[in-house]
Every structure is written in C-alpha cells, then in structure tokens.
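Counted the way the numbering used here counts, the sequence shown spans residues 1 to 548. Built from N, CA and C at the ideal position, the CB exists for glycine as well. Keep in mind that this is a model prediction, so the values were computed, not measured. Notes to accompany the following structure.
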Amino acid sequence: MKNIAFVITCILLISCSNKYETAINSIEDYPIIPKPKKLTIAQGRFLLSSNTKIIGESSLAKEAQYLSKMLNTTLSLDLVIASSDHPTKANIILSIDPAIEHPEGYTLSIKHDNILISGKTSTGVFYGIQSLLQLLPVGINTKEELTIPAVKIVDSPRYAYRGMHLDVGRHFFPMSSIKKYLDMIAMHKMNTFHWHLTEDQGWRIEIKKYPKLTEVGGFRKGTAIGLAGTRNAPYTYDNIPYGGFYTQEEIKEVVTYAKQRHITVIPEIELPGHSLAALAAYPQFGNTEGPYEVAKRWGIFNEIYAPTEETFAFLEDILTEVMELFPSKYIHIGGDEVLKKEWEESAYAQELIKREKLKDEHGLQSYFIRRIEKFLNANGRNIIGWDEILEGGLAPNATVMSWRGVKGGIAAAKQHHSVIMTPGTHCYFDYYQVEEEKQKNEPITGSKRHTTVEKVYSYEPTPSILSIKESKYILGAQGNVWTEYMPTWDLVEYNVLPRMTALSEVVWSSKETRDWKDFYKRLQCITKRYDKLGYNYAKHSVETNQTP
Ligand code: ACM
C-alpha cells in the first residue's frame, strides 16, 4: 500500500513539475509598465506558495521586507524572509550584481523553480521587485494557484530624474495620503517626490525658529468657492477656517518612508513670490506695511519678500532647518510668477538695483536667487527653480524646471544648465483629462485646457532642437499636481491616474520601445492593480476615451 502511495505521489509531482516547466507564455503575460528595455519570454511558470521564501543579502533586508509586505497586501501571502548565503530552489532571491552597469539597472530572471532579482544597487533590486509584482496575478481567488510566467528581463531607466510634484499649499493632505502618493511613485519606478510646501494660501512645514509660519501662515480664514475669479465667476468664500501643516517629526517620517522606496524628496520653499502666508506671519519681511492675510483665493499676488538683509537672514534660517530635514542634493526655491510691482514702488529695492548695478527688477530677482543659491551651494546643496529664474540671468549652478512650455528648458540646456521638463501642455495633471465638450461631466478645474493620457504618453522630454551634448542636460521630466481644485485626496488620485502611469513610461522606457497601442493594452491590466491597492483613477481615460 505504501509503495502505491509513493508511486502516485511521484507521478503527481512529475506531472505538476512538468506543468510548471512547460507552460507556454505569450507577450500578454507580461503587462509591465514602464516597459522594460529587454524582455525575453521563456517557457514555464513559477509556482508561488506559502512555502516560497524570500532570500536576500543582508544589505537588501529592506527590499525583502518591502516585497513581503506587498505580497501580503495584494495576495494575502505571508512569506518567510530568510537570509542565506546558499540560496536553494523554489525561492525568490535578491542579490547585488556589480556587473550590472546602470546604477538603477536590474535583471529579473524567472524560471519554473526560482526567481532571481539582481541589481547593481539596492535601487535596481527594488525596481526588479516592482516588475515582479506586476507579473503576479491580481484579483484571483486565493485558493487558485499563483503562478508567474518565466522571463528574463534586463532593464534600466532612460532618464535619471523621474518625478512627481504635489502642491500641499492650496489644499493640505494628511500623512496617510502623502505615504500613499509615495507608494504610487514607487510602483511606477519614479524616483523623486517634489513636495511643494509653501504657498500664498498656506505654509505647511514647521520651522522651529519661526513658529508663526505654521501657527499663522498654516491657516486661512476661508476658501474661494468654485471657479471664483475665473470665467467671470464672482469671488465668494466659504468662510470656513482651513489649514494644517507637517511637524518636523512628520517630515522626517516622510523622508524615511520615501527612502525605503528609493525616492528622494525635494522640498520647495517658494521665494521671492508665492510668499503671502509667510508674510502674514512675519510682515517685517515684506515691502509694505501690509496688512497681510493668508490668501483665500487662487491666483498670483503682488505681495513678495523685500530684498533686505533681514529677509535673507530669515530665509537662510528657514533653509538651514529645511536642509537638516531633507538630505536631497537639490532644494527647490520656486522663483515663478513674481510680480514686480512692489519692488518698482519700493525705495529700498530701487536703491539696491542702483547699488548693485542691476538692469531692472528682473535683475533684482536674479540677484535674489543668486544670493540664495550662494548660501545653499556653501552648504553643499544645489537649487532648482521654475523657468522664470532665467530672466535677468541664471544663477551659476541652478537647475531649471521648464513649465511654461519647453523654451526655458531649451535655453537653459544651451547655457549648459541642468533641466527638468514639466511643460504645462503635457505634464500638468491638474488640467482636464478630456476635451472641452466632455468637461461638463468632470470635476471642475481652473482652465479649460486639457491633457489626455494619450497626450502625456506622446511626450518627448528631450527637444529635438538640442545637440547631443546639450541633450545631456535634460535630466528628465515630472508630473505637476496643483491642487486649487482638488480639495480631497480622492480627487488628487483621480487627476494623477492614469496620467502618471503614462509619464512613468515616458521617463523610464527607451524612445524606440514606446508604442501607444501596446501601452494602452498594458494600461488595462495595471488598473486592476490600482483597484487592488485602492487607488482612484479616471476610468474613462482607460475604458473608452482613448480606445485606439
Ligand atoms: C507654476 O505652475 N506656477 C510653476
């Protein structure tokens, strides 16, 4: 009897292993976004079960934990993490491979009996994990077999800077939302979170030396209703006090959470404009007697910092605390939409223009930015500024974020300055996602401009007008999310997805492999993951609107 049981078990084992060894896969089995550089379909499938172990070098402990947590979240699988120098079969092995060239590159090899993810660095391994996660089934009955198609992937990103921005000044979002955003960024193999922390409508970062920045500047007395001030809509306010800010402890938590996901957080401290909330807290750094009040409506304001020594000392104190919190190489200093009226009318500003032999108020803006750059450079940091920092002359080491189209980016690259492309036409995810005729069914937004997911996908960050040498200055691109018309987190997700998914392929995948129809098919699959992870998204952009 025992012998018969043994024989049956052997037959079962052989037939099962044959099934896993011989399964035939097709390209539809690999709906990875962003599309990998090189993907070779292989025969067979790996059976993932609760017996599978995650085995990693000790330097990859965080990545192993991340993979385990994600398998738990998406498939309710609780895998053991084992550290072993002699990995056995039927496991997921994470390893560092110095032979891989690109610092963010990885290889993912899936065979019927094991999975190997290798990276030049832990970042590469993390991206290999993201690709693996996208090969797992979603939404299946947990009693079904979980199998992953065999494959060999060799992958690395096209651009070094792959960013997503978020404005928390116009509307404030809790820590849980910021972490969810970081999860979304990580899933898309993007590596930078540009955190827009200060605005006319709210100062959102605790600064110990100047507590009124958050006590006063973190709150407004009300918020403009609907389309106030646009399309002839009158200004009306809800008169509901609104605000919030992140404590330094919370900021550290975000930076750590981001680091675990291989994301750098770049803080933005706006100057010399978009500073009304700061001036409401500390009016002595303004050009006039005021009065100043945290803005309740959207738009651009005349109130900007006075270019005095006292203001520079104030801003340097703030930036000193900011640098302690954020280890990023870059600090974003804003520089956009600076109305010059107050400087034109200020005796002090005019005197300074003469004394420093500046051409005009644009020259003064350039002087302002250069002073701040000098301070940050002396502390080992570099500045990023919106493309207005070109006006009046670029600060020597500044990186330009090109938002008013691509002209600023081209001009900066020609001057051999680094550039991040975020043109409104393709990278502003606060624009409508549909054409004007269909906008009446959509949540309101400030202008009638629209950017469909297909348009985002069509974006080419490196302008063809640049020479090969100049092209090297294009570090990458970023999606911007201005939140005037996004009072809820649900709306942020709705605006971001799936446009961010399209941008992730633009910044990661090679230009030659990009193909809208092929992407559109893979997009259908990734939305199942959005559902599983609880991400809201514009379903019409996936289901009907963009059908190829
Ligand atoms: C911007 O959209 N004002 C940079």
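Per DSSP, reduced to three states, the secondary structure at Trp-403 is coil, with no helix or strand assignment.
The ligand ACM never approaches Glu-270 closely enough for any of its heavy atoms to be under 6 Å from the residue's Cβ. With a cutoff of 7 Å on beta-carbon distance, Lys-189 and Pro-34 are scored as near each other. For Glu-351, the enclosing alpha helix (DSSP H) stretches over residues 347–355.
When DSSP reads this structure, Leu-116 sits in a beta bridge with Ile-93 and Ser-109. Contact annotation: Ile-269 and Thr-198 have beta-carbon atoms nearer than 7 Å.
Setting aside the 5 residues that flank it on each side, Tyr-494 is surrounded in the same chain by Asn-536 and Ala-538, each with a C-beta closer than 6 Å to its C-beta; the list follows chain order. Per DSSP, Asn-382 is not a residue of any alpha helix (DSSP H); the beta strand (DSSP E) it occupies stretches across 382–386. Rounded to whole angstroms, Asn-191 and Gln-248 show a C-alpha spacing of 22 Å. Sequence-distant Cβ neighbours of Thr-214 in its own chain, meaning closer than 7 Å and more than five residues away, are Trp-203, Glu-206 and Phe-245. The residue from Pro-103, Ala-150 and Ile-148 with its alpha-carbon nearest to that of Tyr-127 is Pro-103.
Distances between the C-beta of Trp-508 and the heavy atoms of the ligand ACM are all 6 Å or more. Judged by DSSP secondary structure, Tyr-181 falls within the alpha helix (DSSP H) whose first and last residues are 175–187. Put simply, the stretch 377–390 does not touch the stretch 341–357. Fewer than three CB pairs are less than 8 Å apart.
In the three-state reduction of the DSSP assignment, Pro-267 falls in the strand class.
Taking C-beta separations shorter than 7 Å and ignoring five residues to either side along the sequence, the partners of Asp-29 in its chain run Pro-149, following chain order. Classified as buried, Ser-504 has 16 or more neighbouring CB atoms from the shown chains inside 10 Å of its CB. Here Ile-474 is not near Pro-487, since their CB atoms are 7 Å or more apart. Ranked by Cα distance from Val-542, the first of Glu-484, Ile-110, Thr-320 and Thr-501 is Thr-501. By the neighbour-count criterion, in which 16 or more other beta carbons inside 10 Å mark a residue as buried, Tyr-210 falls on the buried side. Residue nearest to Gly-446 within the set Tyr-106, Ala-228, Leu-77 and Ile-117 is Ala-228 (criterion: CA-CA distance). Under the DSSP assignment, Leu-48 falls outside any alpha helix (DSSP H), being part of the beta strand (DSSP E) whose first and last residues are 38–48. Here Gly-163 carries a strand assignment [DSSP, helix/strand/coil].
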